[in-house]
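K.L.:
Let me begin by handing over the structure; questions about it come next.
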Amino acid sequence: MKQPNSVKDLGRRPGEPLAQINQLEQIPLPPPFDKLDEEPVFGQLSDEAREKYVVLDDTIAVNIEKPTTKEEEDRLVNGFLSGLEKLFSADDNWTFLQPFEMSMEHCARCQTCSDACPIFAESGENELYRPIYRSEILRRIYFKYVKKASPAIHGDIDLNWETVARLIELSYRCNLCRRCAQTCPIGADNALLSREIRKIASMEMGIVPREIHKDGSVLQLAVGSSTGMTPMIVKDNIEFIDEDTAERTGIAIETPFDVEGADILLIHNAGEIMAWPENPGAFATVFEAAGLSWTLSSEAVAYDGINYGVWYDDVQFARVAVRHAMAAKKLGVKKIVLGECGHAHKALTVIADKVLTGDLNIPRESSMVTLRDIIRSGKIKLDPSRNDFPVTLHDPCNLVRLMGVVSPQREILEAVLPPGRFREMAPHGVENYCCGGGSGFAIMSGHNFQDWRHRMTGRRKFRQILEAFQGEPMDKEHPKYVCAPCSNCKGQIRDIINYYDAWEKAGIYYGGLVELIVNAMVDANPGYVDWEWH
Amino acid sequence: MMTTLAYIIAYVGIAFFLIACVARFIMWTKMPMHVRWELYPVAHEGGGKAAYGGSYLEESDWWTKKREVSLVGELKVMVPEILFLVALREHNRKLWTRSFPFHFGLYLVGGVTALMLVGGLIVGYAPATVAGPIGAAIGFIVPFIAGAGLVLGIIGAVGLFLRRRSRALRDYTAPADLFNLLFFIVAFGVALVTFVGYDRDFSLVSGFVTNIVTFNLAPIGDGTAGLLLTLSVVLLALLVAYIPTTHMSHFIGKYFAYHAIRWADDPNLPGGKQEAAIEELLSRPVSWSAPHINADGKKSWLDVTLEDQNK
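As you go down the protein sequences, you meet chains L and D in turn.
Take 490 as the starting number for the first sequence in my numbering and just add one per residue.
Take 234 as the starting number for the second sequence in my numbering and just add one per residue.
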């Protein structure tokens, strides 16, 4: 395993990867995936990519082209320093000034957080992925080059274009799950510092992975959704989903659009509409059966609950949040309910709480709560025996550790599963591990980034899933269900299952939560969960 | 002359410590409201939710309901955390075995100093109060606590110093980190030598503290005892003044890290008191330079947020 010897290495060894993982040295997974030499081979970066872009480790996320002139080198360094100063401004960074400064000043660098990080653990404790590695570099740059303090007080670091470019790249080796912050005895938040580095890159330097900016928030604001769906297309797709769902369940549904004065504006992650139509179909089935007054919006942006700004850019974040609220205001709904998307939950419910005011301050609620209330109301009849298969629950970080929505989804599972079928992961709830797709990773796929993601960030979650199902026959004839009530998590779990071929080899399947409700509905045809891999 | 200087340094050290702590506290208080960035479990969540990390967001129509906020719940977390460093014990036992004696030693030394200051006031202004068994009890307790505090502090500081020099932490250790711990070791060490060698009944130090609070700058002790006492006072006063200027002021920051960040889950209710503050923040200028921000240093957050990206 190759790893840096020191934080100072980030600006040294030009053009050379500072860390490389030998997959044969990783911690073996539980059976039947316990043979390291039988695991998929880690795809390598092309020579062309190594030549063109800044090299940090085994992969590339951001695609920062190597500067070819001194001016370009200086632009990187000066842009970074300028952005770093703005992070300490009560105007430019009122959004995070206090948490940021707290973590910059008070981290004791005691490394208590290291063991909490699944990436650091699954890398074989490679120094590059230690939670404080990147934040220590940020601190040293700030104190030495912005505050002009003596390196004897805060530590020394060389600053060159490679330090800056690699640090930005390194900020995309963290899922922002904040498990590290949860263990900090002082309350420092090194995950936040990853996010703040991303902010410097985006908001000051215009450097962002294409998938989350150009093809993400920019596309969403321009056409209505990062999927590229326009209002007309989304209505067509939902109409098709209604028909397909009715055919499967035997219950006719018509998803309402733009109903003024409805109680609820439901906002899905549009990825559900494209990739998992059974999820919006199930929501419509349950909401209609419960007799809720609800609607979707065909207003651009408002039919896609994603808000990628939450991972990298406060202005992009605010723009999307406001557009969501404006659509709700236009319809005059009583509340917004967020579908199964963790970051959409946190973005609009928690973070936008300090952005939306006046008539845009429309109450927001988790669909976990809405669905739990429907179950409690007894308005839909359930036959838990229809879900007679082992189920484990993934806790999306944004929904659970960062919002405290822990029990409603468990209450739902208790109602829709037969006794003894639910398996908690260890650890779970607010101490859960990230799926590995957090902070945008689930949608990032340039070069060999997906391979890196599966081997490094998603491996701990796959390990947990396998551990949860230990004791069950691990074959396709005995299907098992990973319930992931979050679109990005679901995409990541799908990708891990695919990568390790876990459906074929162990019968591990995945899906959302609301699908299990419909699968147990007495009034619906059996078999809503169809076990067809897609 | 030396003794007078020691008194002056003691006064200045204490005053500087208090002023710097207040300044730090005000600095954190004055920072603008930030977006919510809480981390669960949140200790004050009521209704049994804190136990599993749940929040009021688990309630339907939560904005219509009275929130259950439990001060007792906060105290149940904060008191053990402050006294016993529970988070460190849970997540980093190796460091806790060094950090706990260090911090607990500081608490004992700080506590006994406060006790002596109060005792000094009483001795100075109402000596009859401490005559008899009360005075005897204090006279017995003070040296015991002070000695224990100094010993624990030194053991912890030496342990932390060695830990910072270990392979795992060396690269993340600045010279100042080592200096800080050495400062503690030396200051506490001199105080301990003074106590053990020349002032086992704490009469010299108690006399000095009484003089401090009664503004009587009379010399205390003579010969080696007086010299060591003076040196102890000077080193401890300088240490006390130094602490709030470094990241060791985390005892102030930690309050805000928990109450203003990790547990800050107060919702901005429609028409509530937070809305005006948020509107002021949204009116602040933005100067971020990336083209997509489209800021010019004059446009406000609201301006750049509402810009129509379709145009």
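Ideal placement from N, C-alpha and C gives every residue a C-beta, glycine not left out.
Look up Ser639/L in the DSSP assignment and say whether it is helix, strand or coil.
P.N.:
Reduced to three states, the DSSP call for Ser639/L is coil.
K.L.:
For His336/D, does the count of other Cβ atoms within 10 angstroms reach 16, so buried, or fall short, so exposed?
P.N.:
His336/D is buried by the Cβ-count criterion.
K.L.:
Buried or exposed: which applies to Gly960/L, given that a residue is buried once 16 or more other Cβ atoms fall within 10 Å of its Cβ?
P.N.:
Burial call: exposed.
K.L.:
Find the residues of chain L that neighbour Asp404/D, judging by a C-beta separation of less than 7 Å, and give them in chain order.
P.N.:
The answer, in chain order, is Ser495, Val496.
K.L.:
What runs of the alpha helix (DSSP H), each 4 residues or longer, lie entirely inside the segment 508 to 575 of chain L?
P.N.:
The segment 508 to 575 of chain L contains these whole alpha helix (DSSP H) runs: 536 to 541.
K.L.:
Report the neighbours of Trp583/L on chain D: residues whose CB is nearer than 7 Å to its CB, in chain order.
P.N.:
The contacting residues are Pro265, His267, Leu514, Arg517.
K.L.:
Under 9 Å, CB to CB, which of the residues in the segment 889 to 919 of chain L have a partner in chain D?
P.N.:
Listed by position, the residues of the segment 889 to 919 of chain L near chain D (Cβ gap below 9 Å) are Val889, Arg890, Leu891, Met892, Gly893, Val894, Val895, Ser896, Pro897, Gly918, Val919.
K.L.:
Residues of chain L with CB closer than 7 Å to the CB of Thr538/D, please, in chain order.
P.N.:
Near Thr538/D (Cβ distances below 7 Å), the residues of chain L are Val804, Ala807, Arg808, Val811.
K.L.:
Buried or exposed: Ile511/D, going by 16 or more other Cβ atoms within 10 Å of its Cβ?
P.N.:
Buried, by the Cβ-count rule.
K.L.:
Tell me the residue span of the alpha helix (DSSP H) that contains Lys870/L.
P.N.:
It is not in any alpha helix (DSSP H) - Lys870/L carries neither H nor E in the DSSP assignment.
K.L.:
Would you identify the three-state DSSP class for Phe746/L, choosing helix, strand or coil?
P.N.:
If DSSP states are grouped into helix, strand and coil, Phe746/L belongs with the strands.
K.L.:
Can you tell me whether His464/L is buried or exposed, with buried defined as 16 or more other CB within 10 angstroms of its CB?
P.N.:
Examination of residue 464/L is not possible in this model, given that chain L is present from 490 through 1023 alone.
K.L.:
Below 8 Å on the Cβ atoms is my guess for Ala508/L versus Leu656/L; work out the distance and round it to an integer in Å.
P.N.:
Incorrect: roughly 14 Å between the Cβ atoms, too far for contact.
K.L.:
Answer yes if the segment 708 to 722 of chain L comes into contact with the segment 790 to 809 of chain L, meaning at least three C-beta pairs across the two stretches below 8 Å, and no otherwise.
P.N.:
With the cut-off at 8 Å, the segment 790 to 809 of chain L and the segment 708 to 722 of chain L touch.
K.L.:
Using the Cα positions of Ile374/D and Ala283/D, report the straight-line distance between them to the nearest angstrom.
P.N.:
Using only the alpha carbons, I get a separation of about 39 Å.
K.L.:
Look at the Cβ atom of Pro408/D, then the Cβ atom of Ala638/L, and state whether they are nearer than 8 Å.
P.N.:
Their beta carbons are not under 8 Å apart, which means Pro408/D does not touch Ala638/L by this criterion.
K.L.:
Rounded to whole angstroms, how far is the Cβ of Ile762/L from the Cβ of Ile730/L, which I believe are closer than 8 Å?
P.N.:
About 7 Å; that satisfies the 8 Å criterion.
K.L.:
Counting beta carbon pairs with one atom in the segment 870 to 885 of chain L and one in the segment 996 to 1013 of chain L, are three or more of them shorter than 8 Å?
P.N.:
In short, these stretches touch, since the Cβ pair count reaches three.
K.L.:
With distances taken from CA atoms, which of Leu514/D, Trp496/D, Asn501/D is nearest Leu308/D?
P.N.:
Closest by alpha carbon: Trp496/D.
K.L.:
Between the alpha carbons of Trp360/D and Ile367/D, how many angstroms are there, rounded?
P.N.:
Per the sequence presented here, residue 360/D reads as Pro, with Trp not at that position. So the alpha carbons of these two residues sit roughly 11 Å apart.
K.L.:
Near Arg598/L, which residues of its chain fall below 8 Å by C-beta distance, leaving aside the five closest residues on each side in sequence?
P.N.:
Excluding residues within five positions, the ones whose Cβ falls inside 8 Å are Ile621, Glu625.
K.L.:
Along the chain, which unbroken stretches of the beta strand (DSSP E) at least 3 residues long are found entirely within the segment 728 to 789 of chain L?
P.N.:
Listed in chain order, the complete beta strand (DSSP E) runs (minimum 3 residues) inside the segment 728 to 789 of chain L are 753 to 756.
K.L.:
From the DSSP output, which residues share a beta bridge with Phe806/L?
P.N.:
In the DSSP output, where bridge partners are listed per residue, Phe806/L has none listed.
K.L.:
Using C-beta distances below 7 Å, list every residue in its chain close to Phe878/L, excluding the 5 sequence neighbours before and after it, in chain order.
P.N.:
Result list for Phe878/L: Arg910, Pro968, Lys969, Tyr970, in chain order.
K.L.:
Leaving out five residues on either side along the sequence, give the residues of the same chain with a beta carbon under 6 Å from the beta carbon of Lys633/L.
P.N.:
Hits under 6 Å: Pro640.
K.L.:
Measure the alpha-carbon distance for Ser578/L versus Leu586/L and round it to whole angstroms.
P.N.:
Approximately 7 Å between the Cα atoms of the pair.
K.L.:
How about His643/L: is its C-beta nearer than 8 Å to some C-beta of chain D?
P.N.:
Interface residue, yes.
K.L.:
Would you kindly report the start and end of the unbroken beta strand (DSSP E) that includes Leu882/L?
P.N.:
Unbroken beta strand (DSSP E) run through Leu882/L: 880 to 882.
K.L.:
For Thr838/L, is the classification buried or exposed, using 16 other Cβ atoms within 10 angstroms of its Cβ as the cut-off for buried?
P.N.:
Buried.
K.L.:
Of the choices Lys298/D, Tyr285/D, Ala458/D, whose alpha-carbon is the least far from that of Gly430/D?
P.N.:
Of Lys298/D, Tyr285/D, Ala458/D, the residue nearest in Cα terms is Ala458/D.
K.L.:
When the cut-off is 8 Å and only beta carbons count, does Gln542/D lie next to chain L?
P.N.:
Only weak support exists for where Gln542/D lies, its pLDDT of 49 falling under 50; the value from the coordinates is given anyway. It does: the Cβ of Gln542/D has a partner Cβ on chain L nearer than 8 Å.
K.L.:
Is it true that the CB of Gly568/L sits closer than 8 Å to the CB of His525/D?
P.N.:
No, they are not a contact pair.
K.L.:
Roughly how many whole angstroms lie between the Cα atoms of Ala915/L and Ala973/L?
P.N.:
Cα to Cα, the separation comes out at about 15 Å.
K.L.:
Mind listing, in chain order, the continuous beta strand (DSSP E) runs of no fewer than 3 residues lying wholly within the segment 944 to 975 of chain L?
P.N.:
969 to 972, all fully within the segment 944 to 975 of chain L.
K.L.:
Taking Arg400/D as part of the alpha helix (DSSP H), name the residues at either end of that continuous run.
P.N.:
Segment 400 to 403, the alpha helix (DSSP H) holding Arg400/D.
K.L.:
By DSSP's criteria, Leu888/L is part of a beta bridge. Which residues make up the other side?
P.N.:
Bridge partners of Leu888/L: none, in fact.
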